[in-house]
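Asks: Be aware that the sequence shown starts at 1315, since it is given in the numbering used here, and climbs by one per residue. C-beta atoms are modelled at their ideal positions from N, C-alpha and C, and glycine is treated no differently.
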Amino acid sequence: MPGAGLPKRFWYAKIMISLFLIGFLFFLAYSYWRTELIYSGYENVIFQKYYLIPVVGIVFWSAVLFLRNETQLTIVLMTKSIVFSLYLMEGLVFMLFPLSSLQALAAKNAGVYFDSRSKLEVIKTLQDQGVDAVRSVHPWALINELDFSEAKKMTLLPLGGMANKTVVHCNESGTYAVYKSDRFGFNNPDFVWEQKVVDWLLIGDSFAHGACVPEGSDIASQIRLKTGDNAINLGSGGNGPLTELATLTEYAEGKKPKRVLWFYYEGNDLARNLKKEKELPLLMQYLESGFSQRLRERQSEIDTQLLDYINQNEQDFKSVDFGQLLRLFHLRQRLGLTRREIDVEPLFADIMSRARDRVRKWGGELYFVYLPEFSRYSGLVKDHATYRKHQAVIATVKSLGISVIDIHQDFFARQPDPASFFPFRMPGHYTAEGYHQVANTIVIQVSTLHLQ
1315 MPGAGLPKRF
1325 WYAKIMISLF
1335 LIGFLFFLAY
1345 SYWRTELIYS
1355 GYENVIFQKY
1365 YLIPVVGIVF
1375 WSAVLFLRNE
1385 TQLTIVLMTK
1395 SIVFSLYLME
1405 GLVFMLFPLS
1415 SLQALAAKNA
1425 GVYFDSRSKL
1435 EVIKTLQDQG
1445 VDAVRSVHPW
1455 ALINELDFSE
1465 AKKMTLLPLG
1475 GMANKTVVHC
1485 NESGTYAVYK
1495 SDRFGFNNPD
1505 FVWEQKVVDW
1515 LLIGDSFAHG
1525 ACVPEGSDIA
1535 SQIRLKTGDN
1545 AINLGSGGNG
1555 PLTELATLTE
1565 YAEGKKPKRV
1575 LWFYYEGNDL
1585 ARNLKKEKEL
1595 PLLMQYLESG
1605 FSQRLRERQS
1615 EIDTQLLDYI
1625 NQNEQDFKSV
1635 DFGQLLRLFH
1645 LRQRLGLTRR
1655 EIDVEPLFAD
1665 IMSRARDRVR
1675 KWGGELYFVY
1685 LPEFSRYSGL
1695 VKDHATYRKH
1705 QAVIATVKSL
1715 GISVIDIHQD
1725 FFARQPDPAS
1735 FFPFRMPGHY
1745 TAEGYHQVAN
1755 TIVIQVSTLH
1765 LQ
């Protein structure tokens, strides 16, 4: 029979080629499932591009099957060597050069103290001192872990955190951000909910939340300090547009704030977050007028759910994200290859128009605050208008009649060294001074827009 006398090394090559083909076929089926079934309600051009990878792979390895046995073996061995080398480098980067280690090294070189303890160690130290301390838990952590079947069954999605706790958040500048949560688990002094008039209300992700800076350095606190007005911060790490619309519905409508600041972070709001959020039917229901989970009445239930989540995932502080390792995330991050493309899809415009209408319904004004990421100031960006579809995003929002405050244009682009407003000039959140300047810019721009 043909091929019966082939040496084992040639059979090995053919088996490996077959496995590569099967893998790319599964990848093609997965791409179809995600694009045509999960995202069928709204066009998703970005995910359709992933068809290209499995198709090229299938064509390539199918062609290899028709080559000489020696050539097949050479290609298989070369492929194995390349893949092995990439994953070896990924493992080394993950173990020896995590971003926190690079920040600690930069701090040492700058003569700045850097707390190298893990978040779990910080929490346990506080608990030993009698402090009721917990880790920060955000809606994104719950959403991101759901598979499609779990997402369809979800009946309660907390949008705040645990109430009245000492929350240990993150460390990028040298010391951990620690704050006392309010009655709904947000980063506010609790008295903000007692005041009848709400002048400012902030909706957004970790930048609105006040990630990785000392308590009182967040944007809402700075606005209170600058204006003397009451400001409520509803930001939470990882929030995207749909989660923000849900948060606006649950917590803002009852307070009827005069000004709502909707923070948009170009790094992931459309590139990552909205893509996952729209898989969750519970979140999609917030597009319907009148839908609510009644979260303000369910805080005890939320606290129980989040405490269970924390207890079940306590070791996550030290766990390995094998999905990131599989995608070579840490290696690509160091090489600057993790940037996702932006798709300004119709769902985004739909969300913004509904937010505008809901705020105007109670007589408030919605402001869209565009926040830039570190990579914009890395020296590699040539056209700031097209980077992250900056111009297209702003044009979409302006076409809806929503006022825009462009923090890139109104502040960072005017600075001689914009990267200095990021801790140790590395990717991450803004420094305390950066948050201070953002708040100052917002107050000035809102005043200017009001006079126009």
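State the CB to CB distance for the pair Glu1567 and Pro1686, rounded to an integer number of angstroms; the pair is presumed to be in contact (CB under 8 Å).
Replies: By a beta-carbon distance limit of 8 Å, Glu1567 does not contact Pro1686. Their separation comes to about 30 Å.
Asks: Going by other Cβ atoms of all chains shown within 10 Å of its Cβ, with 16 needed for buried, is Leu1379 buried or exposed?
Replies: Residue environment analysis places Leu1379 among the exposed positions, since fewer than 16 neighbouring C-beta atoms fall within 10 angstroms of its C-beta.
Asks: Quick check: the segment 1739–1755 against the segment 1686–1695, are there 3 or more CB pairs under 8 Å?
Replies: yes
Asks: Please name the residue or residues paired with Lys1592 in a DSSP beta bridge.
Replies: Answer by DSSP bridge pairing: none, since Lys1592 is not bridged.
Asks: Would you kindly check if the distance between the Cβ of Met1468 and the Cβ of Phe1596 is under 8 Å?
Replies: Looking at the sequence itself, residue 1596 is Leu, so the reference to Phe does not match. Less than 8 Å divides the Cβ of Leu1596 from the Cβ of Met1468.
Asks: Mind checking which residues open and close the alpha helix (DSSP H) that includes Leu1333?
Replies: Lys1322 to Tyr1346
Asks: Can you check which of these residues, Val1482, Asn1478, Val1511 and Ser1487, is closest to Gly1499 by C-alpha distance?
Replies: Out of Val1482, Asn1478, Val1511 and Ser1487, Asn1478 has the C-alpha closest to the C-alpha of Gly1499.
Asks: Please list, in chain order, all residues of the same chain as Phe1735 whose beta carbon is under 8 Å from its beta carbon, the five residues on each side excluded.
Replies: Phe1726, Gln1729, Tyr1744, Thr1745, Glu1747, Gly1748 and Gln1751
Asks: Given that a residue counts as buried once 16 or more other Cβ atoms are within 10 Å of its Cβ, and exposed if not, what is Met1330?
Replies: buried
Asks: Quick one: give me the first and last residue of the beta strand (DSSP E) that Ile1546 is part of.
Replies: Ala1545 to Asn1547
Asks: Which value, in whole angstroms, describes the spacing of the CA atoms of Leu1406 and Val1397?
Replies: 14 Å
Asks: Please name the residue in Gly1554, Gln1613 and Glu1615 whose C-alpha comes closest to that of Lys1589.
Replies: That would be Gly1554, whose Cα lies nearest to the Cα of Lys1589.
Asks: Work out the CA separation of Ser1667 and Ser1415 for me, nearest whole Å.
Replies: It is roughly 43 Å from the alpha-carbon of Ser1415 to the alpha-carbon of Ser1667.
Asks: Give the DSSP bridge partners of Asp1720, in chain order.
Replies: Tyr1684
Asks: Quick one: residues in its chain with C-beta nearer than 6 Å to the C-beta of Phe1374, no 5 flanking neighbours on either side, listed in chain order?
Replies: none
Asks: Would DSSP call Ile1656 helix, strand or coil?
Replies: coil
Asks: Residues bridged to Tyr1578 by DSSP?
Replies: Tyr1684
Asks: Taking Val1492 as part of the beta strand (DSSP E), name the residues at either end of that continuous run.
Replies: Val1492 to Lys1494
Asks: Between the Cα of Trp1676 and those of Ala1327, Lys1570 and Arg1382, spot the shortest distance and give me the residue it belongs to.
Replies: Lys1570
Asks: Where do the ends of the alpha helix (DSSP H) carrying Trp1375 lie?
Replies: Leu1366 to Val1378
Asks: Quick check on DSSP: helix, strand or coil for Met1315?
Replies: Since pLDDT at Met1315 reaches only 41, below the 50 mark, its modelled position is unreliable, and the value read off the structure follows with that caveat. Three-state result, Met1315: coil.
Asks: Taking Ser1520 as the reference, give the member of Ser1550, Glu1529 and Gly1488 with the closest Cα.
Replies: Ser1550
Asks: At which residues does the alpha helix (DSSP H) containing Val1707 begin and terminate?
Replies: His1704 to Ser1713
Asks: Check each candidate in Leu1639, Leu1434 and Thr1541 and name the one with the smallest Cα separation from Met1403.
Replies: Leu1639
Asks: So, are the CB atoms of Val1757 and Thr1541 less than 8 Å apart?
Replies: yes
Asks: List the DSSP bridge partners of Glu1679.
Replies: Arg1573
Asks: Is it right to say Lys1632 is buried, meaning 16 or more other beta carbons lie within 10 angstroms of its own, or is it exposed?
Replies: In this prediction, Lys1632 scores a pLDDT of 47, lower than 50, which makes its location untrustworthy; no coordinate-derived value is stated.
Asks: Evaluate the contact criterion for the segment 1485–1497 versus the segment 1710–1722: three or more CB pairs, one atom per stretch, below 8 Å.
Replies: no
Asks: Just confirm the distance between the C-beta atoms of Glu1486 and Pro1737, as a whole number of angstroms; I'd bet it's less than 8 Å.
Replies: 4 Å
Asks: For Leu1556 versus Lys1592, is the C-beta distance shorter than 8 Å?
Replies: yes
Asks: Figure out for me which residue from His1483, Asp1543, Thr1489 and Asn1501 has the closest Cα to the Cα of Lys1847.
Replies: Outside the shown range of the chain, which is 1315 to 1766, sits residue 1847, and nothing can be said about it.
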